[in-house]
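Here is the structure we will look at.
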Amino acid sequence: MSAGPSQLEALGALLDKVAKKQKVDTVPRQLDQMLAILDDWEDTSEDDISRVKDLAALESRLKAVGVEQSEQASSRELQSAIHKLGKLIDKVLPQPVESLAPVTLDDRRVLACVYVHLVSTGQCDVAEALEQEAQIDPSLSVLCAPLRRVHETVEALRRAQLEPALAWARQHQFDLEARGSPLPFLLARLAFVSRLERGELNLALQIARDELMPLALRACAARPAPTAAGRLPRPCRAMPSSGYAAQRRASEPETKSGAVGKAVHGAASPDAAKPGGFSVSGVRQLMGALAFAPALRGSPYEWLIQPCRIDEACELLTAEAHASLHLPLRSALSECIEAGEHVLPKLAKLSSILGPKYAETWATAAELPVELELPGRSSVHHSIFACPVSKEPATPDNPPMLLPCGHVLASASLQKLARGSRTVRFKCPYCPVETTTSMAKVLHIS
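Right, dumping it as structure tokens:
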């Protein structure tokens, strides 16, 4: 059973209730009252009879404080809240699947996944501690310093401190231009707007002339040439990813022009004809903001100072930094956790139905007894070949085979066509070319 938002909210409410029960414990305060009563009491009795009466009165005063009743009530309420919390946790969170077949993991690879996740998410101090405790591959430890700088640069950019980000973009200028990244243009536009807000019009014009316009001209020069039909080639669709590509700037009017530049980790560059976009005309349109500076709020150029301008630059800077280090935008550990969160409830249910046969099937076949799909195309990291004849996916025991004519079939389908012989000639199912099994070659798909 997977935890839904409402169930997680109920779990959080119960946690708050338990914490509140611990905070409102009145026993310590009542103990202080009892100590104060004992400090104020003096033995002024002249004989034993009066002393017994005074001690009985003192005992009554101490009992009236109600420490015993308060402790019992507080403990009872706290235990009840903890009991309800435990039951809800058992209901919401999936239980361990005890009948799963044991899986042997390589400790070094696990440590490498954890280390890369830590440095990718900015937890460099924890990563350095892990590096000291474990034997991390030296080829991975060199990632800590550049990623630490990137995260510090991103944090500075979120505080509207542009200079570290501009310096990083200048240092990686050639790589960014090779990927057609709009990051330098976005950072220069932020610097331009920052000068406008401070009323420094001359410096804003200098940024537009020395940085924005050259970047736009280089982007136009890198645009693909028109086809014979007089249209630009249709750009390839990048796989979606969280962040920059998914965040559309709703405040900017839509245009019919295509996107300029390449996609970096699913982050497409701004539209060429969009106001302030990655083009010469976009730079010219930005010049209209000079007439409203420094009061851009409430003007047609208010979209330039919205917080999402900083957010999109931060997300694109993070994506470009990972691309420059040949790292995926999401760590392998994050992908594994997301996949496990999606699949484990289904495996738990399947295990409860099949019982011991579940682990036996997994152990003997070296694969899951059922096919489980991961959510979204972002979980697909490699190509999968399905035989056009049998419609079955290729496996290590049934690899794809390349025929001399260029068509590809699964090895099992090839054996059926050749009737198990390596020399019998047969016709390709998709063209008239005749071939044999010995002429086919194993096709390795990465």
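To get the working numbering, take the position in the sequence shown, counting from 1, and add 27.
Glycine included, C-beta positions come from ideal geometry on N, C-alpha and C.
These numbers were taken from a predicted model, which means no experiment stands behind them.
Beta-carbon separation (whole angstroms), residue i vs residue j, contact threshold 8 Å
i, j, result
"A215", "E238", "4 Å"
"I332", "L323", "5 Å"
"E158", "S168", "6 Å"
"A243", "F212", "7 Å"
"E155", "C140", "That pair is no contact at about 17 Å."
"L193", "L115", "About 50 Å separates the two Cβ atoms, so there is no contact after all."
"H144", "L360", "4 Å"
"P431", "M466", "5 Å"
"E461", "R452", "5 Å"
"G93", "Q57", "7 Å"
"A108", "L41", "7 Å"
"P427", "V435", "5 Å"
"S72", "D81", "5 Å"
"E347", "L174", "Actually they are not in contact, since the Cβ atoms of E347 and L174 sit about 12 Å apart, beyond 8 Å."
"Q442", "T463", "At roughly 12 Å, the Cβ-Cβ gap does not stay under 8 Å, so Q442 and T463 are not in contact."
For residue i, the first and last residue of its enclosing beta strand (DSSP E)
i, result
"A437", "435 to 437"
"L474", "No answer is possible for residue 474: it lies beyond the span of the chain, which begins at 28 and ends at 473."
Whole-angstrom distance between residue j and residue i, CA atom to CA atom
i, j, result
"V24", "A340", "A query on residue 24 cannot be resolved here, the shown segment of the chain reaching from 28 to 473 and no further."
"P321", "R336", "17 Å"
"P191", "L401", "38 Å"
"L223", "A318", "10 Å"
"R275", "S410", "Note that R275 has pLDDT 33, beneath the 50 cutoff, so the model's placement of it is unreliable and the number below is only indicative. Roughly 29 Å between the two C-alpha positions."
"P372", "F219", "51 Å"
"E419", "R446", "19 Å"
"D70", "V79", "11 Å"
"H349", "A196", "13 Å"
"H199", "L354", "16 Å"
"S440", "R245", "51 Å"
"V153", "S87", "57 Å"
"I163", "E329", "49 Å"
"H471", "T422", "11 Å"
"A183", "L189", "7 Å"
"V533", "L217", "Given that the chain is displayed from residue 28 to residue 473, the structure contains no residue 533 and the question cannot be resolved."
"H110", "S379", "26 Å"
"G149", "E36", "28 Å"
"K44", "E98", "18 Å"
"G382", "C455", "45 Å"
"E104", "Q96", "12 Å"
"S208", "R357", "19 Å"
"N229", "P327", "21 Å"
"A235", "S147", "34 Å"
"V397", "S166", "38 Å"
"C151", "M314", "42 Å"
"G226", "P241", "23 Å"
"D476", "I64", "This structure does not reach residue 476, given that the chain is present from 28 up to 473, and the question cannot be answered."
"D59", "V370", "54 Å"
Where residue i sits in the DSSP three-state scheme
i, result
"T345", "helix"
"L399", "coil"
"F212", "helix"
"F412", "coil"
"V460", "coil"
"K468", "strand"
"K418", "coil"
"A295", "At A295 the pLDDT is 31, less than 50, meaning the model places this residue with poor confidence; the figure from the coordinates comes in the next sentence. Reduced to three states, the DSSP call for A295 is coil."
"F219", "helix"
Residue i: first and last residue of the uninterrupted alpha helix (DSSP H) it sits in
i, result
"G233", "Residue identity check: residue 233 is Gln in the sequence provided, not Gly. Residues 228 to 234."
"Q200", "200 to 205"
"D152", "151 to 160"
"T180", "171 to 185"
"G367", "359 to 381"
"C140", "134 to 147"
"G309", "307 to 313"
"V79", "75 to 91"
"S166", "165 to 168"
Next on the checklist: Threshold first: 4 residues or longer. Then list the alpha helix (DSSP H) segments lying entirely within the stretch 314 to 344, N to C.
Outcome noted: Counting whole runs of 4 or more residues, the stretch 314 to 344 contains no alpha helix (DSSP H) stretch at all.
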